[in-house]
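Counted from 1, the sequence shown has number 19 at position 9 by my numbering; the numbering is strictly sequential.
For every residue, glycine included, the Cβ atom is placed at its ideal position computed from N, Cα and C.
What follows is a set of notes on a single structure, which appears directly below.
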Amino acid sequence: MTLYIRATKELVDESADDETVDKIKKLAQSIEGVENINLLKTRMFGNKLYVDIEISVEGALTVKKGHEIAEEVHDSIEGGVSNVKHCMVHVEPIGTQED
Numbered sequence: 011m012t013l014y015i016r017a018t019k020e021l022v023d024e025s026a027d028d029e030t031v032d033k034i035k036k037l038a039q040s041i042e043g044v045e046n047i048n049l050l051k052t053r054m055f056g057n058k059l060y061v062d063i064e065i066s067v068e069g070a071l072t073v074k075k076g077h078e079i080a081e082e083v084h085d086s087i088e089g090g091v092s093n094v095k096h097c098m099v100h101v102e103p104i105g106t107q108e109d
């Protein structure tokens, strides 16, 4: 890769490659309690990756349990993908519609 292209990529936000995105999805989905991945955004900044992920969990869970699941997702992604600098996990409840 030429120096110009490499320098330009470091200055412009770029998403992670498909292989990394798939790995992040698999890591998140492997956590017990994660019902769905609603949104996944990745952004390269230099050689570091920033991840924003929104997961769905059962709405009847306690806030504490939802937070524990989010922490597991966070730790799994930051520990399982070597160049992740930061992972932000947002939790959405499902199945809580009022009648």
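- For S40, there is no enclosing alpha helix (DSSP H), as DSSP marks it with neither H nor E.
- Going by DSSP, V67 is part of no alpha helix (DSSP H) but of the beta strand (DSSP E) stretching over 58 to 68.
- Taking C-beta atoms as the reference points, V99 and A80 count as a pair closer than 7 Å.
- Closest in C-alpha terms to D62, from the list V73, P103, V94, comes V94.
- Taking every protein chain shown into account, the CB of S86 has 16 or more other CB atoms within 10 angstroms, so this residue is buried.
- Counting C-beta atoms within 10 angstroms of its own C-beta, L59 has 16 or more neighbours from the protein chains shown and is therefore classed as buried.
- V31 carries a helical assignment under DSSP once its states are collapsed to helix, strand and coil.
- Going by DSSP, V101 is part of the beta strand (DSSP E) stretching over 94 to 104.
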